[in-house]
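A short worksheet on the structure shown next.
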Amino acid sequence: MNIKTIGILGSGQLGRMIAIAAAEMGVRAHIFAPDATGSPAAEVAFAATQAEYSDEAALHAFASEIDAVTSEFENVPAEAMRLLNDYFLASPGAEALHIAQNRLREKELAKSLGIETPSFSPIRSEDDLSAALATLSGKAILKTTELGYDGKGQIRVSGGEMNAATLWADLKTDEAILEGFVDFKAEVSFLVWRDSEGQMGVFPPAQNIHKAGILAKSVAPAPDISAIVIEAGNRAVRAIAEAVDLHGILAMEAFVGADDRLIFNEIAPRPHNSFHWTIEGCTTSQFRQLVRIITGLGAGDTAAKGQYVMENLLGEDLHRLDGLYADGRNAVHLYGKAEARNGRKMGHVTCQK
Ligand code: AMP
24 MNIKTIGILG
34 SGQLGRMIAI
44 AAAEMGVRAH
54 IFAPDATGSP
64 AAEVAFAATQ
74 AEYSDEAALH
84 AFASEIDAVT
94 SEFENVPAEA
104 MRLLNDYFLA
114 SPGAEALHIA
124 QNRLREKELA
134 KSLGIETPSF
144 SPIRSEDDLS
154 AALATLSGKA
164 ILKTTELGYD
174 GKGQIRVSGG
184 EMNAATLWAD
194 LKTDEAILEG
204 FVDFKAEVSF
214 LVWRDSEGQM
224 GVFPPAQNIH
234 KAGILAKSVA
244 PAPDISAIVI
254 EAGNRAVRAI
264 AEAVDLHGIL
274 AMEAFVGADD
284 RLIFNEIAPR
294 PHNSFHWTIE
304 GCTTSQFRQL
314 VRIITGLGAG
324 DTAAKGQYVM
334 ENLLGEDLHR
344 LDGLYADGRN
354 AVHLYGKAEA
364 RNGRKMGHVT
374 CQK
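Residue numbers (the working numbering): 24 to 376.
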């Protein structure tokens, strides 16, 4: 039997869970990252290369040892992906990464596809910010357009009292986006898969609760979301997958407005924290689906087997581990990170409702 090897750019928990799913399917994983050695992903992988994403010789050597490649994060330098794309159809694809690397490009794409977004303005200087704040009615969020995650690089603002010079200096960036604050009744995420022939499908959506900008809990299939919102979300995430020529999987986070409107927040062209429940909850988890697609095995069934609750375990939650293990219904996942810090994702726990 010809054993396949997939390459994974990135060394965190998503790479780890892709590698575990691959191993269960008889597929080897090779991790490539600047901090690969001893990382959550390398610990469970067949091989690992520790090198910078700009190291072309290392990327060529990596490419010669793998049959397909994906990335566990969206901020891979475009050059690295371009180089790998000469060898295989890289996942999630150049356009998916280009859009997902910048919040303005994401919102502009959504808007161009007729998907509602919060009001937003590009901010490239202190003057832009002062002008935008002067016309602001109500609350807003100022976000860096690149490299922000888990609520980092975000400042909540409200007109009047804000000082543009201080805010702009605090954000430490060249480009930001000022978004109208959405008074949402729920947060929901959608996950689409798309193969090299353009075949697509969706997972059941998840309903999410964030604390301090970090995902705390997901319940799926989403219990309190109307069929109209689910239909709108599924349509939107499929349209985005098609528009960015996705190869792999892509998540879309959205808000549900008070009047049951779906409002776009952001995309991530990779496995998503709010779909970790699919490991227990679907015949084909998000990780298995990604491995199936990039190795050309064809998509699997993604229907949910019941309703599931997934809770993230941050550094400050680890004292609860004994209690969580004591309940035999809990599937506890730990990511093998030696250092537990407040706000750092250390693992998650999934339980069928
Ligand atoms: P993000 O990194 O953009 O996903 O933001 C993290 C979390 O902050 C979201 O999941 C929301 O809970 C909240 N948030 C972000 N943008 C907005 C917005 N425009 N209006 C209201 N809440 C928001």
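We treat Cβ as the ideally placed atom computed from N, Cα and C, and that holds for glycine.
Comparing C-alpha distances from P57 to each of E66, D78 and S308 shows the shortest one belongs to D78. In this structure, DSSP gives I290 an extended state, which the three-state scheme calls strand. If you check the C-beta of P141 against the ligand AMP, you find a heavy atom less than 6 angstroms away.
M223 has R217 as its beta-bridge partners, per DSSP.
Under the DSSP assignment, E198 falls outside any alpha helix (DSSP H); it carries neither an H nor an E label.
I41 is positioned such that its CB atom lies no closer than 7 angstroms to that of F287. Per DSSP, reduced to three states, the secondary structure at L112 is coil, with no helix or strand assignment. It is roughly 4 angstroms from the alpha-carbon of G203 to the alpha-carbon of A163. Using a Cβ distance threshold of 7 angstroms, K134 and T318 do not count as a contacting pair.
Judged by beta-carbon spacing, S34 lies within the 7 angstroms limit of S62, meaning their Cβ atoms are closer than that value. Judged by the Cβ position, F204 qualifies as a neighbour of the ligand AMP at the 6 angstroms threshold, a heavy atom of the ligand being closer than this. Our two residues, I263 and D324, have alpha carbons roughly 21 angstroms apart in a direct line.
The nearest non-hydrogen atom of the ligand AMP is 6 angstroms or more from the C-beta of I26. Taken in chain order, the whole beta strand (DSSP E) runs of length 3 or more contained in the stretch 249-327 are 271-279 and 285-291. With fewer than 16 other beta carbons inside 10 angstroms of its own, S181 counts as exposed. Cβ neighbours of L201 within its own chain (closer than 6 angstroms, five residues either side excluded): S144, I146, A155, A163 and L165. Residue range R51 to A56 is occupied by the beta strand (DSSP E) that includes R51.
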